[in-house]
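If you're matching positions, the sequence shown starts at 0 in numbering that gives the first Met the number 0 and goes up one per residue. For glycine and all other residues, C-beta sits at the position ideal for the given N, C-alpha and C. One structure is given below, encoded as structure tokens.
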Amino acid sequence: MHPDAATTDATTDDAVEIAALVADLDAESTATAEEAQYGLIHLGPQVLDAVIAATPTLNPFGQLCAIEVFNAFDDRRPGEVLIGLLESGNAVVRQWSAEALGRLRVEAAVPALRRTYAEFNRRGEAPDDCEGGALREALTELGARREVVPPRVRELSVDGEGWCWPAARLPEVIGELAAHGQAVLYFMPWEVRPDGSRYGGSGPGIDWDVDRSWPWERLVEHCRDWALLAAEAVEQGPELVATICWIDAADL
């Protein structure tokens with residue numbers, strides 16, 4: 000046997016397996032598509048070229064599975080196809096694509112992210128919609144959006160993944176954000192486990208709307224008052240923290 004024969008056969012076998020898994024991403028069964036997603040991730044970065052080539056032709060759920068594959072590897076090769084998915088007719092596909100572009104630090108995506116966010120605003124979508132949040136976060140991560148973080152808000156934040164604050168300090172943080180012209184859209188309480196991971200994530204049970212027709216100052220006060228009311232219903236304890244979503248006037 001030629002010394003390279005075993006290697007060649009293994010590579011061929013991998014290619015056949017990859018092709019079959021990529022085809023399964025487009026299956027009608029979401030369970031089959033998810034199994035294919037996990038199988039592709041298990042095979043490692045060698046699957047990327049095949050997944051990238053297939054992604055534009057997949058159904059929306061298959062595209063979400065493909066994005067999960069891209070997220071599993073620290074590789075910017077999917078950047079171009081992810082930028083293309085920002086034009087999808089499916090809001091969740093656009094949202095996940097934006098999140099992946101920010102996570103993978105694809106700086107070339109900034110113009111497309113700006114266009115997608117401008118279209119999001121033109122449609123009059125609620126600012127706290129998941130797509131809007133993902134687009135803002137991606138632009139922030141890529142240095143194309145300035146997130147206003149008042150000094151006291153920064154000072155009160157605790158260590159962890161992303162911005163979070165002790166639940167007991169929510170009223171002060173909300174007040175500081177409003178004092179600096181920031182509109183609080185919502186917050187999420189979390190319990191911090193001993194290993195540092197977060198558990199929970201259920202909202203406070205009180206929602207408030209953003210009326211784009213209002214003057215910005217009135218909108219900020221409206222969001223502040225409702226957020227403070229919601230904060231009163233949040234449990235307090237040394238293991239409880241909260242993440243907060245807020246926007247600046249420039250975001251509308």
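- Residue 39 places its beta carbon less than 8 angstroms from that of residue 20.
- Here residue 67 has 36 as same chain residues with Cβ atoms under 6 angstroms from its own Cβ, once five neighbours each way along the sequence are excluded.
- Collapsing the DSSP output to three states places residue 173 in a helix.
- By the Cβ-count criterion, residue 98 is buried, with 16 or more other Cβ atoms from all chains shown falling within 10 Å of its own Cβ.
- Spatial neighbours of residue 89 in its own chain (CB-CB distance under 6 angstroms, excluding positions within 5 residues in sequence) are listed in chain order as 59.
- Burial state of residue 10 is exposed, judged by a 10 Å Cβ sphere holding fewer than 16 other Cβ atoms.
- For residue 244, DSSP records a beta bridge to 185.
- Excluding sequence positions up to five before and after residue 81, its CB lies within less than 8 angstroms of the CB of 66, 69, 96, 99, 100, 103, 105, 108, all in the same chain and listed in chain order.
- The beta carbon of residue 179 is closer than 7 angstroms to those of 147, 149 in its chain, skipping five residues each way along the sequence.
- Bridge pairing for residue 191: 197 [DSSP].
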